[in-house]
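The next block holds one structure in the form of C-alpha cells; read it before the comments.
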Amino acid sequence: MTASRLGVVVAVVVVVAVLAALPLFSSDVIIQFGINALLLAVLAQGWNIIGGYTGYASFGNSVFYGLGSYGVAIAMVQWNLPFGVGMIFGAALAVAFAFLLGVPVLRLKGHYFAIATLGLAQVMSAIVSNIGIAGQNIGLVLPPLNNDHLFYELSLGLLVIATLTVFWLTRSRFGFGLIAIRENEEGASVMGVNTTLYKVLAFALSGVFTALAGGIHAYWITFLDPESAFDISLNVKMIIMAVFGGPGTVLGPVLGAFVLSAVSEILSSKVTNLAGLFFGVVVVAAVVLMPRGVADVMRQFRRTGWRYFAENLRAHRI
Amino acid sequence: MDLLAQVLINGVLLGGLYAVMALGLALVWGVLNIVNLAHGAFIMLGAYLAWHLYTYLGIDPFLGLPVTAIIMFCVGYALQRGLLNLVVRAPMFNTLLITFGLEVVLTYLAQLAFSADFRTINPPYAGNSIALGPLVVPLARLMAFGVAVVLTVGVWVFLLRTKLGRAIRATAQNLVAARLYGVEPRHLYAVTFGIGIGLAGAAGCLYGTVSQINPYIGATLTAKCFAISIIGGLDNPLGVLVGGLVLGIIESLTVLYVGATFGDVASFGILVLVLIVRPSGLLGKTT
Amino acid sequence: MAHAVLRAAGALLLALVVTLLGAPAFAQDIVLGASVQLTGPVANTGRYYKDAYEFAIDKINAAGGVKVGDTKHKLVLKLYDNQSDVNLSVRQYTQLISQDKVNLLLGPFASNFALADSAVSEKYEVPMVQGGGASDQIFSRKFKYIFGTLAPASNYFASTIDMLKQLSPAPKTVALLYADDAFDVSVAKGTQPLIEKAGLKAVIDERYTSNASDFNSLLSQIKSANADAVLVAGHETEILNFVRQAKSLAAAPKMYSFTVGVPSEDFRKALGKDADYAFGMTAWLPSTSLKDRWFGDAVQFAAAYKAKYGYDPDYHAASGAADVEALAEAIETAGTLDPKTVRDAIAKLNFPSLYGTIAFAENGQISLAQTVIQVQADKVVAIYGGKGFIEKPKYPMPAWNAR
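Protein chains in written order, with the numbering used here: chain A, 1295 to 1612; chain B, 246 to 532; chain C, 13 to 415.
As C-alpha cells, then:
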C-alpha cells in the first residue's frame, strides 16, 4: 500500500472515530442533526450503487425506504417483535421487491426507468394507505425509545458498512460489471456479463441499505405514515446529495449528504422562511456549474482552477 | 345504469382536462427529450396569472386563454434560453435535477408572492351544466374538453405540417445536421420549450376554473401528467388525448367500483404496467 | 499610575452603565417555543396560530405580564417554520427545548404534527399546550405532557346529527364521506354510531384519499342514492372542490355539512355565493358571554384581532390564543417555572376565557360542544347548540338553478 493510500485510510479511520465519539461531548440538537445527516448519507450511498455505479437513475429507492420503515413498524407494533427482527423483515421486503419488480423495470432505459420507478413509488404509497395492518393512511405509532446515542451509533455503523460495500464494489468483479453496464450495456452483455442478474443484484443491494436506514428512522421518529415513508422528495434529496457529492465515487455521496444537510439545517434554523427556496437555488446552481459533483471539483480544481466551471458550461450547453 | 353512464361522462371530461395538462409536458419530452419536473408548477403559475387577469381586469379565463398562453410562452422561452439550454447536452438526469430545483424555487416564490391561501376562478357560468335526460354534463369541463381537442390537434398539425415544426423536430433529432442547415438550435429549443410552457399556462386557466389554486398543486399535477404522457405515448401529440381519456375513465370507474382511496393505485399502476409491457405507449410506435 | 487608575475607573463606569442599560425592566423573560407551518401545503391554517400566539402574548405583556411569585415576567415567543414537514417539526421542538432552552411549549397545527411532536414534549418532560390537533389518537397514548384545546374529533358531528332529527322534512338517509387522515377518520369513527343511534341510514360511507381534487364520481353516487344529508369530514381544499363540483353536477341534497371551511373567511370568499346553505360546526363563536381576563370578552377579542390582522379570527385562532392563556394561568397558579409543577397546574386548570372554559380531561383533551353553523347570505349564523335551535336554518337546500 502506497504512502498516500495509507494516509487516506488513516484519515478515514480518524474521522469515523471522531464521529463515533461525537455524542459524548455535544448537545442533543447536534446528535439529532447527526442522525439525520448520517441516515441521508446512507441513502445517498445506497442510491450510488444503482445510480452512480450501474447508471440507472432510480426514483424508486423511496419504495425500499418505505418498506424498511413499515417492516420495522409492523413487526414492532402489530406483532410485538424486537427491533432487530423488524429490520431484517424490512430488508427482506426490500429484496423481494427488488427481485420481483426489478426484473421487468430494469429492462427500461434512461428516462423510462426513472419514471417507472417514480410510478412504483406512487403505487406503493397508494397501496399501503389501504392496508389495514399498516394503519392505512393514518400510519403507525411506534413504542418510544429515548436513546439518541444508540440511534446515532447505529446510523454511523450502517454508513460505514455501506461505504465499505461501495469500496468493495470498486475492486470486485461485480463492481466492474456494474461499471461496464453503465458505460456500455450492450458491450458488457456481449463480453459475457449477465446484465440482468447484475442489475437486479445492484438494485437489491441498494434496496437493503435504503431499507435499513428507513427502519432506523422509523424507530427514531416513532411515527410513520405512507406520505412520509414513501416520500418522493426524499428520493430526490438522496439523488441530489449523491450527484452533488460525486456519483460513482466512494466518498462523494457521503460528502454531498453531509454538506447539503448542514446547509439545509442551518437555513431551516436561521432563515426559516427562505430555507426551501435557497435549497432549490443551490440545486439549480450545482447542476449547472458542477454536474459531476464536488468530488470532481476537488479533483480537477487544482489543474484547471476557476475555468472548471466555465468548461462545464461549454461542454453541456447547446 | 344511469349512474354508470354519468360516471363515464365524468371520466371522459376529466380525461379532456388531463390531456390539456399533459400536452406541454409530452411535447417538450417527446421532441426535446427534456423531462420537466417543474411542469406542474408552470400550470400553477398559469392558473395564478389567469386568476389575476380575471379578478383585476375582468378577462374571462376561456377568452383570455391566448393571453395567458402567450405570457407563459415568453416565460418559457426566457427560461430555456437563459437556463435550461446550459444543460441540454449534460447527462440525462441533470435535467431532472435542475427542473426539480426549479419546481422548488417556483413553489416558494409563489408562496411568497401569493401566500398559501387558495383561490378559484369563478366566472358566472362556471357551475352551470347541460342536462341530457337524467345525465348532467358540467359546462366548464365540457369547454375544457373542447379546448383540449383543439390544442392537441393544433400541436399535431404544427409539428407535422409547418416549416417551424419540422425544423424543431429536425433539430431535436440531429443537432449537428440542423446547424449545418443554418438553423439556430438555441432559438428553436427555446421556442419549443416556450410552447410547452404556454400550453401549461393554458391548462392552468382551465384548472383554476374547475378546481382550486394554491402554490402547492404543482407536484401532484406533474406526477399525473407523467402518467398521461407515458400511457398515450410520446411519439404522437394525439397520444395525450388517448392517455388522458384512459386515465380519466379508469380513475372514475375505480372510485365507483373499487373505492375512493384506490384512484392513485389505478393511475400509477397503469403507468407502471404500460412501461413494462409497452413503453412507447398506446399510440407509440414499437421500434 | 494616575493614567492606569483613571482608565480602570473609566472601564468600571462603562461596565456599570452598560449593565444597567442592558438590564431588563422586568426579571428574566418567560420563553414559549413553537414550531408552526408557515410555508408548505398546510401553511394557510398554520399562519393563524402564529398570529394568535403573538396576539395573545402581546396582550398579556401589555397588561403587565405573568406573575411568578412576586415578580412579573414578560412572555416571549420563539417560533420556527417547519415548512409543513413533520420530521423537521420534531427536530425543531428538540432544538427549542435542548438548545434554545425555552420554558414551555405551544403546539403546531394538525393532528399528525401534534402526534409526532408530543413524543418530544413527553421525552423531555416539558408541557405542550396545542390547539391544532383534535384526533383521539394524540390523547390515547397516556402521555402526561400534552394538552389540547380542540374538542375531540369523534364528537364533531354530534350536534349536527341531533339537529337533523328535528328538521322538517326530516332527512332519512345520510352520505358520510371522509378523508383518510388521522383527524377525519377519527371523526368518521365517532359519527358512524351516532348516525345509527339517530335512526338514520348511511347509504354511502366512503373513505377518500386526502388531497383528492375530483369528487365527480362520489357526487354522482350521492345523487343516485338520493342521500338526504351529506356529511363530509375533510380538508378545506377538498371541500372547496366538493362544493364547486356539486354545483356543476347539479347535486343538491337537502343539506350538507362540513367539518372545516365554513367558519373561515377565505373559504367563504373563494366560493362566493356558492357557499350559501352550507352547514359546518365550530366550538367557538365570538359572543359576549365568553368573558376573558385579558381581552374582556370574545367579541372584543375578535374585533381587536380583525383590526390588527385584517381577517376575522375563527376557532383555530381562538384556540391558539387560549393555549397561551392556559400557560400563563398555569404558571401563575404554580408560582414557579419548573416544568413538572407547571404541568400539574395545567392539568388542574379551570378558568373562563375568550375561548370558553379551559379545563382538560384526564387524557389532556378539552371537552367542548360543537355549535352547528350555517352560511346564510355571506354571513355565518349560529343555528343549533347545546340548548337547541338558536336561529332558523335555511332548509332544505334548493336546487342549484333555483337559488
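Note that beta-carbon positions come from the ideal geometry of N, C-alpha and C, so glycine has one too. Here the structure is a predicted model, which is why all the values come from computation and not from measurement.
I'd like to know if residue i contacts chain A, where contact means its C-beta is closer than 7 Å to some C-beta of that chain.
i, result
"A37/C", "Any reading at A37/C needs caution, since the residue's pLDDT is 42, under 50, leaving its predicted position unreliable; the model's value is listed next. No, its Cβ sits nowhere closer than 7 Å to a Cβ of chain A."
"S96/C", "no"
"R334/B", "yes"
"M246/B", "no"
"K281/C", "no"
"T499/B", "no"
"Q204/C", "no"
What does DSSP give as the partner residue(s) for residue i in the beta ladder?
i, result
"L377/B", "L380/B"
"H85/C", "V78/C"
"A394/C", "I385/C"
"T185/C", "K213/C"
"M337/B", "Its beta-bridge partners do not exist; DSSP assigns none."
"F1517/A", "V1435/A"
Determine whether the Cβ of residue i lies closer than 7 Å to any Cβ atom of chain C.
i, result
"P1585/A", "no"
"A250/B", "no"
"P1437/A", "no"
"F471/B", "no"
"D362/B", "yes"
"S1286/A", "Coverage of chain A is limited to positions 1295 through 1612, which leaves residue 1286/A absent and any answer about it impossible."
"I1432/A", "yes"
Using a 10 Å radius around the Cβ and a threshold of 16 neighbouring Cβ atoms, would you call residue i buried or exposed?
i, result
"Y426/B", "exposed"
"G322/C", "exposed"
"D226/C", "buried"
"A1297/A", "exposed"
"V421/B", "exposed"
"F438/B", "buried"
"L490/B", "buried"
"R1320/A", "Per the sequence shown, residue 1320/A should be read as Ser rather than Arg. The residue in question, S1320/A, is exposed, as its Cβ has fewer than 16 Cβ neighbours within 10 Å."
"A385/B", "buried"
"P1437/A", "exposed"
"C319/B", "exposed"
"R94/C", "Residue 94/C is actually Asn in this sequence, not Arg. Counting Cβ neighbours within 10 Å, N94/C comes out buried, since at least 16 surround it."
"N459/B", "buried"
"E137/C", "exposed"
"E246/B", "Before going further, note that residue 246/B is Met rather than Glu in the sequence given. With fewer than 16 other Cβ atoms within 10 Å, it is exposed."
If you draw a straight line from the alpha carbon of residue i to that of residue j, how long is it in whole angstroms?
i, j, result
"L341/B", "L282/B", "6 Å"
"R1476/A", "H432/B", "33 Å"
"S512/B", "A267/B", "14 Å"
"T454/B", "A1331/A", "43 Å"
"A210/C", "A505/B", "26 Å"
"A35/C", "D82/C", "A caution first: A35/C carries a pLDDT of 39, below 50, which makes its placement in the model unreliable, though a value can still be read off. Cα to Cα, the separation comes out at about 18 Å."
"F1353/A", "L1472/A", "18 Å"
"G256/B", "Y502/B", "13 Å"
"P120/C", "L162/C", "12 Å"
"L349/C", "G514/B", "55 Å"
"Y1406/A", "P524/B", "7 Å"
"G400/C", "L302/B", "47 Å"
"Q325/B", "F1468/A", "40 Å"
"I521/B", "L1395/A", "10 Å"
"P442/C", "F390/B", "Chain C is shown only over 13 to 415; residue 442/C falls outside these bounds and no answer can be derived."
Inspect the beta-carbon positions of residue i and residue j and report whether they are closer than 7 Å.
i, j, result
"A292/B", "Y452/B", "yes"
"K303/C", "P265/C", "no"
"G273/C", "N367/B", "no"
"V1422/A", "N339/B", "no"
"I109/C", "L127/C", "no"
"G45/C", "V88/C", "no"
"S130/C", "I158/C", "yes"
"G1433/A", "L1518/A", "yes"
Tell me, please, whether the CB atom of residue i is closer than 7 Å to any CB atom in chain B?
i, result
"A264/C", "no"
"V1310/A", "no"
"L1571/A", "yes"
"P1520/A", "no"
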